[in-house]
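**Q** For the protein sequence lines, the chains are U and Z, in the order given. This note's numbering applies: residue 51 is where the first sequence begins, and numbers increase by one. This note's numbering applies: residue 219 is where the second sequence begins, and numbers increase by one. Structure provided below as structure tokens; questions to follow.
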Amino acid sequence: MNAFRLAGDITHLISILVLLLKIYATKSCSGISLKTQELYAVVFLARYLDLFTDFISVYNSVMKVVFILSSVAIVWCMRRHRAVKRSYDKELDTFRHYYLVGACFVFALLVHEKFTFQEVFWAFSIYLEAVAIIPQLVLLQRSGNVDNLTGQYVFFLGAYRALYILNWIYRYFTEAKFSRWIACISGLVQTALYADFFYYYFLSWKNNAKLNLPA
Amino acid sequence: GDRGQDHDEL
Numbered sequence: 051m052n053a054f055r056l057a058g059d060i061t062h063l064i065s066i067l068v069l070l071l072k073i074y075a076t077k078s079c080s081g082i083s084l085k086t087q088e089l090y091a092v093v094f095l096a097r098y099l100d101l102f103t104d105f106i107s108v109y110n111s112v113m114k115v116v117f118i119l120s121s122v123a124i125v126w127c128m129r130r131h132r133a134v135k136r137s138y139d140k141e142l143d144t145f146r147h148y149y150l151v152g153a154c155f156v157f158a159l160l161v162h163e164k165f166t167f168q169e170v171f172w173a174f175s176i177y178l179e180a181v182a183i184i185p186q187l188v189l190l191q192r193s194g195n196v197d198n199l200t201g202q203y204v205f206f207l208g209a210y211r212a213l214y215i216l217n218w219i220y221r222y223f224t225e226a227k228f229s230r231w232i233a234c235i236s237g238l239v240q241t242a243l244y245a246d247f248f249y250y251y252f253l254s255w256k257n258n259a260k261l262n263l264p265a
Numbered sequence: 219g220d221r222g223q224d225h226d227e228l
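This is the structure:
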């Protein structure tokens with residue numbers, strides 16, 4: 051464990067908690083893509099299948115449980131909570147995310163570290179996490195609505211990406227057999243898609259700031 | 219035996 055990865059895990063967790071708190075506090079999820087949140091929940095459920103079989107550390111197990119619970123809590127809130135689900139942009143959040151799930155699963159069957167149940171699902175979760183932000187990106191391009199995508203959420207999500215890349219660079223130079231190409235390449239794709247999301251987020255934020263200028 | 223790539227990262 052190095053400082054970059056620890057900080058990356060913590061900023062990743064904070065980004066999820068910030069979003070959950072924002073939705074719960076404002077009882078609104080307008081501008082949030084339910085499909086992206088569903089994909090994130092699937093990512094954690096598929097990746098942490100080893101939760102009960104491989105014990106790595108207390109930290110690792112506790113964080114896995116927290117990631118699963120918080121991501122499922124967001125999906126539950128957006129699908130079940132009466133007040134919240136009324137504010138969901140159902141007609142705008144129409145990206146066919148099932149295609150992303152299918153494509154990532156087929157790709158994981160082709161490219162993985164070992165052809166075992168857990169390894170294929172692990173690779174699937176890595177690929178899916180990379181593309182999971184696409185429905186949110188599409189929704190943001192359509193709606194330009196950043197009401198619930200707070201700056202903190204976007205900041206912590208970006209910090210998580212940047213810190214994980216620093217973590218991989220650090221591990222590459224300090225560990226003899228560092229070969230996590232699946233995670234690294236997929237992580238770079240994820241960061242590129244995040245950068246695209248950030249670009250549209252910044253544009254929307256700027257436009258909204260202009261719109262809200264004092265009359 | 220070889221546990222394969224132990225995924226220690228979250």
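Yeah, the Cβ is synthetic: ideal placement off N, Cα and C, and Gly gets one too.
Between which two residues does the alpha helix (DSSP H) carrying U/H62 extend?
**A** The residue given as residue 62 of chain U occupies position 12 in the first sequence. Residues 53-76.
**Q** Between U/I60 and U/Y177, what straight-line distance do the alpha-carbon atoms span, to the nearest angstrom?
**A** Taking the first residue of the first sequence as position 1, residue 60 of chain U is located at position 10. Taking the first residue of the first sequence as position 1, residue 177 of chain U is located at position 127. Distance between the alpha carbons of U/I60 and U/Y177: 21 Å.
**Q** Which chain Z residues sit within Cβ distance under 8 Å of U/K114?
**A** Here residue 114 of chain U is taken as the residue at index 64 of the first sequence, counted from 1. In chain order: L228.
**Q** If I'm right that U/Q240 touches U/R221 with Cβ under 8 Å, what's the distance once you round it to whole angstroms?
**A** If you number the first sequence from 1, residue 240 of chain U lands on position 190. If you number the first sequence from 1, residue 221 of chain U lands on position 171. The pair is not a contact, with the Cβ atoms about 17 Å apart (cut-off 8 Å).
**Q** For the stretch 194-210 of chain U, enumerate the residues whose C-beta is nearer than 8 Å to any C-beta of chain Z, in chain order.
**A** Cβ contacts with chain Z come from no residue of the stretch 194-210 of chain U.
**Q** Please work out which residues of its chain come closer than 6 Å, Cβ to Cβ, to U/L101, disregarding the five sequence neighbours upstream and downstream, and give them in chain order.
**A** To locate residue 101 of chain U, count along the first sequence from 1; it is residue 51. Excluding positions up to five away in sequence, the list reads K114.
**Q** Would you identify the three-state DSSP class for U/F165, choosing helix, strand or coil?
**A** Here residue 165 of chain U refers to the residue found at position 115 when the first sequence is read from its first residue. In the structure shown, U/F165 sits in coil (DSSP, three-state: anything other than H, G, I, E or B).
**Q** Among U/N217, U/D104, U/K77, U/S121, which residue has its Cα nearest to the Cα of U/N198?
**A** Looking up residue 198 of chain U in the first sequence gives position 148. Among U/N217, U/D104, U/K77, U/S121, the Cα nearest to that of U/N198 belongs to U/K77.
**Q** Pick from U/I118, U/S65, U/Y74: whose alpha carbon is nearest that of U/F94?
**A** In the first sequence, the residue the question calls residue 94 of chain U occupies position 44. When only C-alpha atoms are compared, the closest one is U/I118.
**Q** If you draw a straight line from the alpha carbon of U/N110 to that of U/S80, how long is it in whole angstroms?
**A** For the purposes of this step, residue 110 of chain U is taken as residue 60 along the first sequence, with counting starting at 1. For the purposes of this step, residue 80 of chain U is taken as residue 30 along the first sequence, with counting starting at 1. C-alpha separation (whole angstroms): 33 Å.
**Q** Which residues, taken in chain order from the stretch 162-190 of chain U, show a beta carbon closer than 8 Å to some beta carbon of chain Z?
**A** Going along the stretch 162-190 of chain U in chain order, one finds E163, K164, T166, E169, W172 with a Cβ nearer than 8 Å to chain Z.
**Q** Would you kindly work out how many angstroms separate the C-alpha atoms of U/E169 and U/K135, rounded to a whole number?
**A** Along the first sequence, read from residue 1 onward, the residue named residue 169 of chain U stands at position 119. Along the first sequence, read from residue 1 onward, the residue named residue 135 of chain U stands at position 85. Their backbone Cα atoms lie some 35 Å apart in a straight line.
**Q** Consider the C-beta atom of U/F157 and the heavy atoms of the ligand GDP; say whether any pair is separated by less than 7 Å.
**A** Ligands are entirely absent from the displayed structure, and the ligand GDP is therefore not among its contents.
**Q** So which of U/A259, U/K260, U/L213 has the shortest CA-CA distance to U/L238?
**A** Along the first sequence, read from residue 1 onward, the residue named residue 238 of chain U stands at position 188. The residue with the shortest Cα to Cα distance from U/L238 is U/L213.
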